[in-house]
Amino acid sequence: MAVNDQQTSDLQEKLVQVNRVAKVVKGGRIFSFTALTVVGDGNGKVGFGRGKAREVPQAIQKAMEQARRNMVTVQLNGDTLQYPVKAVHGASKVYMQPASQGTGVIAGGAMRAVLEIAGVHNVLAKCYGSTNPVNVVRATIKGLQDMNSPEQIAAKRGKSVDQILG
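With my numbering applied, the sequence shown covers 29 to 194.
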């Protein structure tokens with residue numbers, strides 16, 4: 029158990045969205061809250077979670093737990109991306125491209141949270157279509173997850189890294 033506690037204490041957590049939702053019943057409305065959170069180690073591991081409860085703190089807690097369980101590893105090139113990436117989830121389309129040192133994270137809202145938590149410090153990013161935070165987070169993580177390192181691409185093609193990079 030101590031090892032697991034050690035791992036979770038190293039993680040950074042960011043709350044992306046809290047939303048009040050209502051269930052309509054015969055006697056009126058029952059309000060509850062949903063939370064969207066992003067968790068990562070700032071070094072290529074990132075995950076997101078959604079939680080729902082009657083009170084905001086409980087919803088956030090549930091979302092954090094789910095985010096810790098759904099972590100993925102991202103292949104970064106130092107503190108930026110390997111190459112430009114496009115990804116889609118639902119009607120949300122995201123485009124991310126590597127940027128030179130000192131550029132910073134140029135991205136909006138939900139995408140910025142994911143990139144910062146993942147450990148990307150220099151990136152240019154744009155969200156097209158729907159800006160629903162849940163779909164933007166999913167698309168961003170999908171794009172980061174699908175990115176391969178030059179070593180992986182070279183091994184897949186049966187070539188050397190020098191041949192791949194030109």
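Ideal Cβ positions, reconstructed from N, Cα and C, are used throughout, including at glycine.
All values derive from a computational prediction rather than experimental measurement.
Whole runs of the beta strand (DSSP E) within the stretch 51-111, excluding any shorter than 3 residues: 56-68, 73-81 and 99-101
Status (buried if at least 16 other CB within 10 Å, exposed otherwise) for F59: As a first step, residue 59 is located in the sequence shown; it is residue number 31 there, counting from the start. Exposed is the call here.
Exposure of R140, with buried meaning 16 or more beta-carbon neighbours within 10 Å: Residue mapping note: residue 140 aligns to position 112 of the sequence shown, counting from 1. When all chains shown are included, R140 counts as buried.
For A182, the first and last residue of its enclosing alpha helix (DSSP H): Taking the sequence shown and counting its residues from 1, one reaches residue 182 at position 154. First-last of the alpha helix (DSSP H) with A182: P178 to R185.
For E144: DSSP bridge partner residues: Locating residue 144 in the sequence shown gives position 116, where the first residue counts as 1. Answer is none; E144 lacks a bridge partner.
Beta carbon of G98 nearer than 7 Å to that of G75: Position 70 of the sequence shown, counted from the start, is the residue given in the question as residue 98. Position 47 of the sequence shown, counted from the start, is the residue given in the question as residue 75. The identity of residue 98 in the sequence shown is Asn, whereas the question assumes Gly. Contact: yes.
Beta-bridge partners of H117, as assigned by DSSP: Against the sequence shown, residue 117 aligns to sequence position 89. For H117, which the question treats as bridged, DSSP gives the partners S120.
As assigned by DSSP and simplified to three states, the class of A153: Translated into positions along the sequence shown, residue 153 becomes position 125. In this structure, A153 counts as strand in the three-state DSSP scheme.
Paired residues, beta bridge with K170 - DSSP: Here the question's residue 170 lines up with position 142 in the sequence shown. Per DSSP, none; premise fails for K170.
C-alpha distance - V162 paired with A50, whole-angstrom precision: Counting from 1 along the sequence shown, the entry for residue 162 is found at position 134. Counting from 1 along the sequence shown, the entry for residue 50 is found at position 22. When rounded, the distance between both Cα atoms is 18 Å.
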